[in-house]
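K.L.:
Residue numbering for the sequence shown follows full-length UniProt numbering, beginning at 1 and increasing consecutively. Ideal placement from N, C-alpha and C gives every residue a C-beta, glycine not left out.
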Amino acid sequence: MLIFAGLIFTVIGILNIVNPNFAWYLKEGWKVDGDSEPSDSYVALTKIGGVIGVVFGVILFFTGIFS
1 MLIFAGLIFT VIGILNIVNP NFAWYLKEGW KVDGDSEPSD SYVALTKIGG
51 VIGVVFGVIL FFTGIFS
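#1: Does DSSP classify residue 64 as helix, strand or coil?
#2: When the Cα atoms are used, what is the spatial distance from residue 22 to residue 67?
#3: Can the beta-carbon of residue 53 be found less than 7 Å from the beta-carbon of residue 12?
#4: Just confirm the distance between the C-beta atoms of residue 64 and residue 2, as a whole number of angstroms; I'd bet it's less than 8 Å.
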């Protein structure tokens, strides 16, 4: 189970690093008609969260392999 959780965290983290606007469009973007985009601070915090997610996912993955 830890291996699966590690993979999920890693994939979501990579998605947040590569395309931080994706989460914003899923949560808020569909509500707005027009040229609205996330703020720079939102994008930066989403990328930081992605890095944390990848690190946590890798730790869970290797914990699941070696347990």
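P.N.:
Taking the coordinates as given:
#1: Sequence index remark: in the sequence shown, residue 64 carries index 64 (1-based). Three-state result, residue 64: helix.
#2: For the purposes of this step, residue 22 is taken as residue 22 along the sequence shown, with counting starting at 1. For the purposes of this step, residue 67 is taken as residue 67 along the sequence shown, with counting starting at 1. So the two alpha carbons sit approximately 34 Å from each other.
#3: For this step, residue 53 is matched to residue 53 along the sequence shown. For this step, residue 12 is matched to residue 12 along the sequence shown. It is a contact, given that the beta carbons lie within the stated cut-off.
#4: The count along the sequence shown starts at 1 and reaches residue 64 at position 64. The count along the sequence shown starts at 1 and reaches residue 2 at position 2. With 8 Å as the limit, residue 64 and residue 2 qualify as a contact, their Cβ atoms being about 3 Å apart.
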